[in-house]
Each structure stands twice: as C-alpha cells, then as structure tokens.
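Read through the structure below, which is laid out as structure tokens, and then see the notes.
In the numbering used here, the protein residues as written are 936 to 1848.
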C-alpha cells in the first residue's frame, strides 16, 4: 500500500529578512541576548509593534556567531490541529538540526500519528543530545489555542534542555504557565511598552529612514499621537511623503488605534494608482501570495512585476523566502485591506475566495482550498473537497481538522452527503464522543435503504443525495456497521458490538483494513466479557488482515493485545512467541516501526515473571532508547508500570510509587478494556509495603466490596481488594476478617476457573493457600499451593510466588518436605532466599530467639493468658514476662499481636523446642 506523505509548506520555516534602513534597537537586542539563557522569551504585543522584525534582526546577529542554530516557524489557524502543529514544529527544528526528529517526523506524517506526549518526549530526548545552542521561534502563536497543543507545549517548556531556548511571539499572552516560569526566573518578557519607539527612535525613523525632515516639535507631536506604535508611524510616514503640510497633518492626527489605522490605511490605499489599489484589495483575501496565485485571483497578468513594485515601495509586503517567490502582507495591513474590501467591493469577496480555492486545489493544497471555499460560503464546493480529502485525513490521524471543517458546513449540506456523515461519525468516535453519532448513523442508514435497489458498484441517483467519491460510498455499509459496533462498545453493550462487528466483517471482506477493524471490535467485545479464547481468535484475524494491507504498525498493535490475552490465560511461553513473531515482521534494513517499543515492554513483563530482573530492565531500557514516539498510545503508561514492578522487586518502593503516579498521568484510554487500572497496581504496591489502610481507602473510593457481583473487567481490582483484606487480617487478626477474605478469594477463584484465565487462577490459588496459613492451618494451605505449582511449573512462573515474601516460605518448605515438585519448589525457595537477603524491608534477626523464647512466642499466638503460658511451660509468671520482653526487643515490636505477626513473617511460629 502506497503511503502519501503530506506536503509541508516550506515558507513557514523562513526567517523574515531584516529590512534595509532599520532603526537600531540595541536595548531590545541586549534584552533578548540576556534572555537566551532562560527557558522562554515571550514577545507579546498587538499587531504592528514590530515583533517579527525585531526577532529577525536578533536572529540575524545570533546566527552570525556560528555557535547558535536558529529555527523559525510561522503559525496559522490550520496549526490548531495537534498533528499539524507538531509536524511543523519538528520540521522547523530539523531545518536547523537535521539530526533532531529524524525518526519522529516520518512517524508524524505516517498513517497513525503518535499521541502528542510521545512526540514531545521524543523531541526532548533528541534536543537533549544536541551539543550546541538552539533558538526556536514560534511566530504568531496567538492563532493556536487548541487545548492539546497548550498542554504539550507546557510539558515541553517544563522539561526543556538547558541549551535550547524557545521564543514565542504573538498578539496575546499564551495559556502557558507564565507565572511559574516568571517565579523561577526562566521567563524573559518583551511587551508593547518595550516595543514602542522611544522619542529618539521615532526621530531616527521619520527623519533618517523615511527622510521626512520633520521639525523636532513635529516629531514629538507624532510620537505622542502614536505612542510609539510602529505600524501607525509607518503608515503616517507613507501618508506624509510628498506633502507640504506635514505640521497640519500631524496636528489633525488624533483618535485611538482603531480609528488611526482606519484613517491611515485610507490615506495610503487611496493615494495609490488604481491598478495598485485594486491589486492590494483583491489579494488581501490571501494569507500567502505568489505571482501565479495573484494572477488567478485578480484575473490580471503581471503578478510578478506587481509584487516587485509593492516590495520596492515598502507597501507592507514581507518576503517569505530567499528567492522572492512567496510573500505575505503585514498582518495589520492585511486586516485593514480586508476591511476596506468589504466596505467597497463586498460583492467581489466570494468570487475572490472561490478563485483562490480553485487555484489551491489545482496546486495540491486541499486544506487551503477548503478554507477559501468556506470563506466564499461556497459550501457545496467545500463539501466536495472535504469528501475527497477525507481518506488522507483519516490516514494521517487528523480527525480534529476534519471535524472542524464539517462543523463549519451547514447541517443541511452534510445531511445529504452520506460519506460526510460517516466521516463526522468517525471523527466523533475517535475521541470517545457519542453525542450526535446515533442520529447521523440513522440518517446514513436511511440513504442506504433508499438506494439498496441500485445495481452494485454504481453511485445511486437518489433524490437529493450527493456523492463525490464513489469508492467511499461503495464501502459505506461496512463502515456504518463498524461504527455501530464501536458505538455499542463505548456504551458497554458487548452483545450489540459483536452483532454489528460480524455484519461489518461480511461487508468489508475485500477491504483488509476495514475487515481488520471489524475483527478487532469482535475481539474487544469478547475480551470485555472475559472470553479470552474468542478474543484471541478475533485478534489473530485482525493481525492477518493488517499484515495483508501492509499496516505493519497495526500488526504490532494487535500483538500487544494477543500477548496480554496469553498472559491472562497463563500461557507465558506463547506470549513470548507472539512478541518475537511480531518483531520478525519489522524490516531489518528499515527504520523501526511504531509499536516496536511496545514489544520490548511486553517481553520485559515475561522476563520479570521468570525472575530475570536484569533481563527485564534491559528490555525496558531498550524500549526507552527507541523513544516513546515508536510506541503506540498506551506504551508510555505500560512502560512505567513494568519498570515500577522491577524497582519494587529491587527494594525501592518509593521509586515504584513515583513511576505509577507518572503512569496514571500519561494513561491514554482507547477501546481496549482497562483490565489492570494503574490505581489498582499502586494499591498492590502499598499492600506489599505495609500501607494497607491506603489500599483499603482506594477500594472504598472505587466502590469495591467483597460482596460485589464479579466481572472480568473488575477482576484485577477485586483480587487487589482480596489482597488488602488478607493484609488487614495479618495486621489485625480476627476470625471475621479472615473468613471474609477467604470467602472472597474462593468466589474469585471459581469465576477465573470458569473463564479459563489460568494466570489469575494461579495467583488466587496462592492467595488461598496464604489464607489457610493465616488461619494457622499449613496442611490445608498445601492443597491449593500444590495445584498452583502444577499449573505454574510448565510456564516457568517465579515472581507470582516469590513476591509474596516470607509468608509463602513456610508453605513451600512444607511442600518440599512432602516431596511436592521438589526441583521446582527448590528453585522458588532459592529465589525467595535471595530476595530476603537483598530486601531492605524485611531483614533477618541479628539476635536469634532462644529455644525457650520460641516456645513462648508460639504460645503467644494462642488464646492463653500469661499465667496459663507459665503453667504450660512450668515456669513462673515473671520468667514468662522476661522472655516476652526479650522477644519484643529482638523482633522490634511493642505488643503481643505485633510479635505474633512478625514471628509469622519470619516463619518462627512453626518451630518447636
């Protein structure tokens, strides 16, 4: 399958050339120089204050020193789409530093762009490896207000390497953490008050640059009228050229900015020859100009000569490249021209935009063509263009742009175009939004029903219905069924999901991508119900379809799910083969595919279970080295969860908790069931380190109880609750709590066995054996333990047992003495012993208990009182008290209950003198 890479507009990367005859602004250049060591420089002022001109002058000096790389990006409203924004930003940096984003830019331009957080993380990693300094200017940042862009720009600024400096220029303060940066001394600000010309600069501009030879009093008066506003001064200077009444002109120059500009624009524009004036007004509809485009819009030849003339006459024309092919008007000048055009020639405006739309369509710029068609209110043309570009927008994951266009079209235009309706549905569902989905699908289904009698393959001439892309219309029934399945899945109706998805499978049989999507939806429905074998079969079908389509990143994505399912089924070796087979489809001679990083995370979880902590860490580091941009959306949180388990096993619970907190922040949901929520994983970490009350508070907050109706989607959370209840029973022994925990574990075990989820069954059998041990019955605990060992040994389970700590030790030793799987149990005991020696949280006793102290400790675990213990041991009560005091000191406890609990953890209660 051929992938079409979106074309980037090169003129957005050109630094404006410093103009001849500029007024030197040394005070501002020095401020910018001082600020280059900070994180952010903000140049914020209304239009016409010389922001871009100042930055161009400063960058020209910076680049001349040979030590600083400079990058420039001119933003426009289309960059509100996060994919477009980050694509252009990375490309801009790459213009200055080709090694930065070398793997990231192709991924952004691919068929499934990564989430923004992976982009910013990868970009930060690349920037951190750069030795020299980089200055990145984002001009006209005020046009970008998308929440996703703002959040990721905040993340970028918070983690920016010290040798990288960002400059943001715009007409308004951006919604970024300016106060925090200001408090840290990491923000340099240049505002309107700074940019205004001083009286000396006003005199230099009017008399030296513009050669007006004004008297000192006139200069002071004009400076006072304009308050140093550069654009107003420039327009005033142009208005005064050739005048003999400069003093009278200045004396009558009054009003606030808006009226001043209106007056000056009228003065400048009205004094131009008719051909220049007409050209200025007609081309004011364009954001960027070149000669052929201007000729198409104005209907007049000589576009190149006219542009050269405007530049020569300083009529606010800004060159965008070194070859003088592309230009733009000064923003303020363009705004005023547009206002004048609407006032003088409103009937021409739609036709001018329509001509611009046609030209951009013919020159492979559909986005701009659509924008001009919308501005012309030629909604039929705009709808045609949107429909034709819809496949590429889906492929490039620019659903936000697609949705924005569709929302600008009148509802009655979209309603009669079933392809657009389905495109709208896809854009809504991509963000999990359901409002309006059902109504639009019903509308499309009505059109399809009315045209069902037409011959196959033909676009039906139904009354009022419009179709521009016949191929998209042909596959519409299949995609309607697929979106019905997705809708049902989001609503939690897995039965309807399966029914719709099976219909989509039939209709999209010859479309491998559509077939794969439908197969995935059937798998997701089975997965949500806990039918893992059916889910695995469906995802195997999806994998094969995506492989046929050449969507290899989707093959890796499916393999994540296949591996998760096999792990839940207790088939660890099959899971490893799944990951290895997926990596085998990645071309050895090509760049890494997106999803490669996920494979190493999956493999690391298996290495962890097999007690190969070094191997697990190495795989995680390998995944990290590839960069988060080579991971699928959920890889960022999966990586942190996997590394947290390693850090916990290494005896660093604080690091583990920190990683899990990060994992929760970067979690990205999708259609897949969240079978192992990060908060539940964190609760297990709390339990392992004695923070039982926090874990119980988590369970209460989630509305969990031992009496809940059981389901696969909450199974992990319920098992976590069972662990918390068992831990509570160890801390506060009581028959009721032990019984409650035991009954809950039994119920969970029956449910997991019925679903053939062997991985969970093994864990629950271990918990069941620990429940019996907690009740003091090691013999009864050996029965479920032996079952767990039988299931676990063929797959090489280790950490499921070892992570239970010393509590499992007595049971394993009893199993070894009874001859139960002696070799396997021996390996587990060896791993447990190594862990006990390495773990700082459960040290052995420096001063061991004596034989008599062991007898006393064993009896402290009974219901006998102090005098009754003395009679049992045939000693005095004072002797028992002395032994008890020594036991407390050696165990590091202060109460009888704590001594018994600590003795159980160290396996001391079963020893007899």
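For each residue, glycine too, the CB sits at the ideal point set by N, CA and C.
What did DSSP end up calling residue 1602 once you bin it into helix, strand or coil?
Within the chain shown, the letter at position 667 stands for residue 1602. Residue state, collapsed to three classes: coil.
Apart from the five residues on each side of it in sequence, which residues of its chain come closer than 8 Å, Cβ to Cβ, to residue 1411?
For the purposes of this step, residue 1411 is taken as the residue at position 476 of the chain shown. Cβ neighbours of residue 1411 beyond the five flanking positions: 1353, 1354, 1357, 1379 and 1383.
Hey, quick one: how far does the alpha helix (DSSP H) through residue 1137 stretch, first residue to last?
Position 202 of the chain shown holds residue 1137. Counting along the chain, the alpha helix (DSSP H) containing residue 1137 begins and ends at 1134–1138.
Roughly how many angstroms lie between the CA atoms of residue 1257 and residue 1230, to the nearest whole one?
In the chain shown, the residue the question calls residue 1257 occupies position 322. In the chain shown, the residue the question calls residue 1230 occupies position 295. Cα to Cα, the separation comes out at about 21 Å.
Looking at the unbroken alpha helix (DSSP H) that takes in residue 1824, where does it start and where does it end?
As a working note, residue 1824 is residue 889 in the chain shown. Per DSSP, residue 1824 belongs to the alpha helix (DSSP H) from 1812–1826.
Following the continuous beta strand (DSSP E) through residue 1126, name the residue where it begins and the one where it ends.
Residue mapping note: residue 1126 aligns to position 191 of the chain shown, counting from 1. Here the beta strand (DSSP E) through residue 1126 covers 1122–1126.
Is the beta carbon of residue 1746 sitting closer than 9 Å to the one on residue 1704?
Along the chain shown, read from residue 1 onward, the residue named residue 1746 stands at position 811. Along the chain shown, read from residue 1 onward, the residue named residue 1704 stands at position 769. Contact flag set, yes.
Using the DSSP secondary-structure output, state which residues sit across from residue 979 in a beta bridge.
Numbered from 1 along the chain shown, position 44 holds the residue referred to as residue 979. DSSP, once it has assigned bridges, lists 1105 and 1126 as partnering residue 979.
Using the beta-carbon count (16 or more within 10 Å), is residue 1377 buried or exposed?
Position 442 of the chain shown, counting from 1, holds the residue named residue 1377. So residue 1377 ends up on the exposed side.
Quick one, are the C-beta atoms of residue 1597 and residue 1614 less than 9 Å apart?
Taking the first residue of the chain shown as position 1, residue 1597 is located at position 662. Taking the first residue of the chain shown as position 1, residue 1614 is located at position 679. The answer is no: Cβ separation not under 9 Å.
Which residues mark the beginning and the end of the beta strand (DSSP E) in which residue 1068 is found?
If you number the chain shown from 1, residue 1068 lands on position 133. Residue 1068 -> beta strand (DSSP E) spans 1068–1074.
Return the bridge partner residues of residue 1335 from the DSSP annotation.
Numbered from 1 along the chain shown, position 400 holds the residue referred to as residue 1335. Partner(s): none; residue 1335 has no beta bridge.
With 9 Å as the threshold, decide whether the Cβ of residue 1355 is near any Cβ in chain C.
In the displayed structure, chain C is absent; only one protein chain is listed.
When the distance is taken between beta carbons, is residue 1809 closer than 9 Å to residue 1791?
For the purposes of this step, residue 1791 is taken as the residue at position 856 of the chain shown. For the purposes of this step, residue 1809 is taken as the residue at position 874 of the chain shown. Against a cut-off of 9 Å, the Cβ pair of residue 1809 and residue 1791 comes out as no contact.
What is the residue span of the alpha helix (DSSP H) that residue 1448 lies within?
Counting from 1 along the chain shown, the entry for residue 1448 is found at position 513. Run containing residue 1448: 1447–1464, per the alpha helix (DSSP H) assignment.
In whole angstroms, what separates the C-alpha of residue 1572 from that of residue 1663?
Numbered from its first residue, the chain shown carries residue 1572 at position 637. Numbered from its first residue, the chain shown carries residue 1663 at position 728. Distance between the alpha carbons of residue 1572 and residue 1663 is about 29 Å.
Do residue 1487 and residue 1511 have their CB atoms nearer than 9 Å?
By 1-based counting over the chain shown, the position of residue 1487 is 552. By 1-based counting over the chain shown, the position of residue 1511 is 576. Cβ atoms of residue 1487 and residue 1511: not closer than 9 Å.
Pull up the distance between the alpha-carbon of residue 1387 and that of residue 1324, whole angstroms please.
Numbered from its first residue, the chain shown carries residue 1387 at position 452. Numbered from its first residue, the chain shown carries residue 1324 at position 389. Roughly 26 Å separates the two Cα atoms.
Using DSSP's beta-bridge definition, name the partner residues of residue 1003.
Looking up residue 1003 in the chain shown gives position 68. Answer is 1068.
Could you compute how far the alpha carbon of residue 1672 sits from the alpha carbon of residue 1836?
To locate residue 1672, count along the chain shown from 1; it is residue 737. To locate residue 1836, count along the chain shown from 1; it is residue 901. Looking at the two C-alpha atoms, the distance is approximately 15 Å.
Quick check on DSSP: helix, strand or coil for residue 1365?
What you label residue 1365 is simply residue 430 of the chain shown in a count that begins at 1. DSSP places residue 1365 in coil when its eight states are reduced to three.
Please work out which residues of its chain come closer than 6 Å, Cβ to Cβ, to residue 1470, disregarding the five sequence neighbours upstream and downstream, and give them in chain order.
As a first step, residue 1470 is located in the chain shown; it is residue number 535 there, counting from the start. 1458, 1461, 1462 and 1500, listed in sequence order.
Among residues of its own chain, excluding the 5 on either side of residue 1059, which ones have a beta-carbon nearer than 8 Å to its beta-carbon?
Here residue 1059 refers to the residue found at position 124 when the chain shown is read from its first residue. So the qualifying residues of the chain are 1091, 1094, 1095 and 1096.
Please name the residue in 1702, 984 and 1823 whose C-alpha comes closest to that of residue 1265.
Counted from its first residue, the chain shown places residue 1265 at position 330. Nearest of 1702, 984 and 1823 to residue 1265, Cα basis: 984.
Give the straight-line distance between the Cα atoms of residue 1125 and residue 1070, rounded to the nearest whole angstrom.
Translated into the one-based positions of the chain shown, residue 1125 becomes position 190. Translated into the one-based positions of the chain shown, residue 1070 becomes position 135. Answer to the nearest angstrom: the Cα atoms are 16 Å apart.
From the DSSP output, read off the bridge partner residues of residue 1009.
Position 74 of the chain shown, counting from 1, holds the residue named residue 1009. Per DSSP, 1074.
So, for residue 1100: in the same chain, excluding its five sequence neighbours on each side, which residues have a beta-carbon less than 6 Å away from its beta-carbon?
The residue labelled residue 1100 in the question sits at position 165 within the chain shown. If we look at residue 1100 and ignore the five residues flanking it on each side, its Cβ neighbours are 971 and 1070.
Counting along the chain, where does the beta strand (DSSP E) carrying residue 1263 start and finish?
The residue given as residue 1263 occupies position 328 in the chain shown. Counting along the chain, the beta strand (DSSP E) containing residue 1263 begins and ends at 1262–1264.
Using a Cβ-Cβ cut-off of 6 Å (strictly less than) and excluding sequence neighbours within five positions of residue 1831, which residues of its own chain qualify?
The sequence position of residue 1831 within the chain shown is 896, counting from 1. 1795.
I need the boundaries of the beta strand (DSSP E) containing residue 1253, first residue and last residue.
Locating residue 1253 in the chain shown gives position 318, counting from the first residue. Note, residue 1253: beta strand (DSSP E), 1252–1254.
Go ahead and pull the three-state DSSP assignment for residue 1564.
Taking the chain shown and counting its residues from 1, the one referred to as residue 1564 is at position 629. If DSSP states are grouped into helix, strand and coil, residue 1564 belongs with the helices.
Pop quiz: residue 1759 and residue 1807 are said to be a contact at Cβ under 8 Å. What is the actual Cβ separation, rounded to whole angstroms?
Walking along the chain shown from the start, residue 1759 turns up at place 824. Walking along the chain shown from the start, residue 1807 turns up at place 872. That belief does not hold up - the Cβ atoms of residue 1759 and residue 1807 are roughly 39 Å apart, past 8 Å.
Quick check on residue 988: does DSSP put it in helix, strand or coil?
Here the question's residue 988 lines up with position 53 in the chain shown. It is helical.
Considering only the beta carbon of each residue, do residue 1361 and residue 1316 sit closer than 9 Å?
Here residue 1361 corresponds to residue number 426 of the chain shown, with the count starting at 1. Here residue 1316 corresponds to residue number 381 of the chain shown, with the count starting at 1. Their beta carbons are not under 9 Å apart, which means residue 1361 does not touch residue 1316 by this criterion.
Quick one: Cα of residue 1485 to Cα of residue 1431, how far?
Residue 1485 sits at position 550 when you count from the first residue of the chain shown. Residue 1431 sits at position 496 when you count from the first residue of the chain shown. Taking the straight line joining both Cα atoms gives about 30 Å.
In whole angstroms, what is the alpha-carbon distance linking residue 1336 and residue 1013?
Here residue 1336 refers to the residue found at position 401 when the chain shown is read from its first residue. Here residue 1013 refers to the residue found at position 78 when the chain shown is read from its first residue. Straight-line Cα distance between these residues: approximately 8 Å.
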